[in-house]
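Everything in the sequence shown is counted per numbering that gives the first Met the number 0, starting at 0 for the first residue and increasing by one. Below is one structure, written out as structure tokens, with a few remarks after it.
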Amino acid sequence: MSELLTIKEASIWASNYLNKPVTASNISYLIQYGRVRKVGKNGHTYIDLNDLKKYYQQNSGKKEVDWKKVLGDDLNWHLSFADYKESETTKHVHRLHPYKGKFIPQLVEYFLDDHTDEFKKDVYFKKGDIVLDPFCGSGTTLVQANELGLHAVGVDVSVFNSLISNIKTSRHDLVDIKKSVRDITIRLKNFIARRNNLEFEEKLLEELKIFNDKYFPSPDYKRWVRQGEINEKEYSREKAEIFLDKYYELVKKYNIQLRQEKDDTFVDKWFLKPVREEIDSVFEELKKIENPDTKKILCVMLSRTIRSCRATTHSDLGTLKEPVTTTYYCKKHGKICKPLFTILTWWERYTKDTLKRIMEFEKLRTDTHQYCIAGDSRTVDLVERLYKKNPALAELVRDKKIKGIFSSPPYVGLIDYHEQHAYAYDLFGFERKDEEEIGPLFRGSGTEARESYVDGISSVLKNCKKYLQDDYDVFLVANDKFNLYPKIAEKAGMKICNKFKRPVLNRVEKNRSAYAEIIFHMKEK
């Protein structure tokens, strides 16, 4: 007879079986997504031990074997950081704002800290050293440098990226931030109270729950799909069309205007009219804030909020396709979902989360200097620009020089780095410098684009060498599928002295395909 376990008992059993932590949330995920069968008994949730054991027997260690078949035996699984929970790979300020293409802090820490192991034979940086990230992105290297007692300089062509990085590493007046958040939230609620979109959304959610409980019961529906008992495509299309009648009935009843009058800009096109009106309302309040630092932090809070409120499906958040103005079948959640009609929930969630993360980082931060310059790493004068913003750091760079680089350059033809935050550039009026991006998606990955990429990255390295110590260490994280980095090193006057090949398990937007990147260790030729 099968043994039934509660979720907590299942997490304890799985932790012992796998010899690594398995949380109750991990077990709940397996139930929710139909990996193991839910057993209901006396109003409680149980799991059949045989089901759970079978799942882990089929999947435990399988990914490592499968990925090595695809990516090669030289794959260093030690650098997968597979045992870290998501809360650890997105700790404190690292998740202040979404960003495509960032590496996890544990990877940075691995090369910047003072440990050695069977793979990392030497210590490359020590406390008090300066590290440079010429493709700073959202500031992961700068934050980890601070945590480890290192100074750090970042450079990024994107004004918005440099804003995020500097907010993460700066000290803040939390009292003033809390007061501003509280005041704006009150005004937002007053603004919403004069409208009927919240009442409409509440009624819509009520109708959706009734419909989804009937036709997409959780977790049974996902299990039926996985076992082939339901043709997901046909079944979902039919049910989604049925619910549309109820949706349009409610839209008419509450007189909801879905689309804006024009779609000339990103915020015109990708937000429903009720949402856009709330965004504008909050933005007008932000303009009144006198403290520049507080204003910047609240701008990032608002940017994070509106990113989650774009009129798109849950599965298309990473790569937008077409604006969604109706209910739809959501493959990610296995039920009928809806676009958002208010920003309030996300605004309240993200403002609280931001404050919590800043306070968490305050407990860990060291008394070191970090700053990200908005500029072109091929030509920027680090010392001159730093003197204007952080004179103490400028003097350190001038007198001591930089020990090395840890960075992840853009990949050829993969991401348009300005476009991923188009909503922020559009709303806040930041200057875009798309043409200065190296290897952007809009230029493709053909021969000409690759040659331009080699020239661009090597030019960055040559410019940065002016500020490096003689015995420097450069670490560049790249998926070099076109084998461009030997040419880049040659043009920059460097040599590749080591390569660390790692599997990338925690990819943006939950991409599960086998994928690896190489950390190139370069020194002077």
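Glycine residues also receive a C-beta, built at the ideal position from the N, C-alpha and C atoms.
By the Cβ-count criterion, D113 is exposed, with fewer than 16 other Cβ atoms from all chains shown falling within 10 Å of its own Cβ.
The segment 383 to 400 and the segment 169 to 176 do not touch, with fewer than 3 CB-CB distances between them shorter than 8 Å.
For P291, the enclosing alpha helix (DSSP H) covers residues 291 to 307. Between Q468 and K524, the gap from beta carbon to beta carbon reaches 8 Å or more. Measuring C-alpha to C-alpha distances from T293 to each of K331, D182, K272, A310 identifies D182 as the nearest.
In the DSSP annotation of this structure, the continuous segment of the alpha helix (DSSP H) that includes N49 starts and ends at 48 to 58. Counting along the chain, no alpha helix (DSSP H) covers I335; the unbroken beta strand (DSSP E) around it starts and ends at 334 to 336. If only complete runs of 4 or more residues are kept, the segment 435 to 489 shows the alpha helix (DSSP H) at 446 to 464, in order along the chain. When the beta-carbon positions are compared, T140 and V154 stay at least 8 Å from each other.
Membership of V130 in any alpha helix (DSSP H) is not indicated; the residue belongs instead to the beta strand (DSSP E) covering 129 to 132. In the three-state DSSP reduction, N497 falls in the strand class (E or B).
A Cβ-Cβ separation of about 5 Å places I487 in contact with I456 under the 8 Å criterion. Secondary structure of A491 (DSSP, three-state): coil. For the pair E516 and G428, the Cα-to-Cα distance works out to about 35 Å. DSSP places D219 within a helical segment (H, G or I) once states are collapsed to three. Below 8 Å, too few C-beta pairs join the segment 354 to 373 and the segment 225 to 232 to call them touching: fewer than three. Membership of E117 in any beta strand (DSSP E) is not indicated, and neither H nor E is assigned to it by DSSP. Look at the beta carbons and you see the segment 146 to 165 not touching the segment 303 to 313: under three pairs across the two are nearer than 8 Å. Shortest Cα-Cα distance from K320 to any of L78, T44, W269 involves W269.
Here V266 is not bridged, per DSSP, to any residue.
At a Cβ-Cβ threshold of 8 Å, I30 and K37 count as neighbours. Counting other Cβ atoms within 10 Å of its Cβ, V122 stays below 16 and is therefore classed as exposed. Distance from the CA atom of T325 to the CA atom of K337, rounded to whole angstroms, is 6 Å.
Of the candidates E361, F190, T341, T341 places its Cα closest to the Cα of E201.
Residues of the same chain with a CB within less than 8 Å of the CB of Y471, apart from the 5 flanking positions on each side, are I401, K402, G403, I404, K464, K522, E523 in chain order. Annotation: the continuous beta strand (DSSP E) that includes E523 extends over 515 to 523.
Between the segment 350 to 367 and the segment 235 to 249 there are fewer than three inter-stretch CB-CB distances shorter than 8 Å, so the stretches are not counted as touching. Each residue's CA atom was taken as its position, placing P273 and H150 some 45 Å apart. Restricted to the segment 374 to 422, the alpha helix (DSSP H) segments that are unbroken, complete and at least 4 residues in length are 381 to 388, 390 to 399, listed in chain order. The three-state secondary structure of D73, taken from DSSP, is coil.
When the beta-carbon positions are compared, L3 and K40 come within less than 8 Å of each other. F80 and I255 have their C-alpha atoms some 47 Å from each other. Of the candidates P502, L426, K53, D433, the residue whose Cα lies closest to the Cα of H417 is D433. In this structure, A421 sits away from Y327, with a CB-CB distance that is not shorter than 8 Å. Assigned with DSSP and collapsed to three states, V64 falls in helix.
Under the 8 Å Cβ criterion, the segment 492 to 500 does not count as touching the segment 436 to 452, having fewer than three qualifying pairs.
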